[in-house]
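Contents: one structure, followed by commentary.
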Amino acid sequence: MPNYGIKIDLLKLRGASVRNIQGRTATKRCLIIPVDECDGMFLGEKGCYLSLTAIEMQNPQYNDTHCIKPDIPREKREAMTKEEQNAIPIVGGLHAIEVKQPTMQVNGTMGADAFADEDLPF
């Protein structure tokens, strides 16, 4: 079964931005995503989740076989106009990762006569 490489541009999510935020000891560059305005994002009891869908592309580009879009619940998607559905951003791409099996170079083999008959300690 193949492994997959996925790249997501979080700044393509609705309302997302990068800001410098001053803490007690340092200023950090932070990604800000408005949870309630972002398609596919919801705040649950155990975390904040972003649901995404991988859609297979008819004409793959840049080695990506699928495009990644926020997953919108069926009821909300059916209530959207065609233009609103088309405006849902592509936030990333997915492609299969080719795993190359490591090979070991063997210089030669030895026959059974190369080993002395010894009593083994086991």
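Position 16 of the sequence shown, counting from 1, maps to 23 under this note's numbering, and the rest follow consecutively. For each residue, glycine too, the CB sits at the ideal point set by N, CA and C. Note that the coordinates shown come from a computational prediction; the quantities given were computed from them, not determined experimentally.
Per DSSP, the continuous alpha helix (DSSP H) segment holding Lys89 begins and ends at Lys89 to Asn93. The beta carbons of Leu57 and Met48 sit closer together than 7 Å. Exposed is the label assigned to Asp16, since fewer than 16 other Cβ atoms lie within 10 Å of its Cβ.
Every unbroken stretch of the beta strand (DSSP E) spanning 3 or more residues and falling wholly within the stretch 26-93 is given here in chain order: 34-39, 48-50, 55-57, 59-68 and 71-77. Per DSSP, the beta bridge partners of Gly99 are Ile15 and Ile75. Between the beta-carbon of Leu59 and that of Pro77 there is about 6 Å, and that keeps the pair under the 8 Å contact cut. Closest by C-alpha distance to Ile104, out of Asp71, Cys37 and Gly30, is Asp71.
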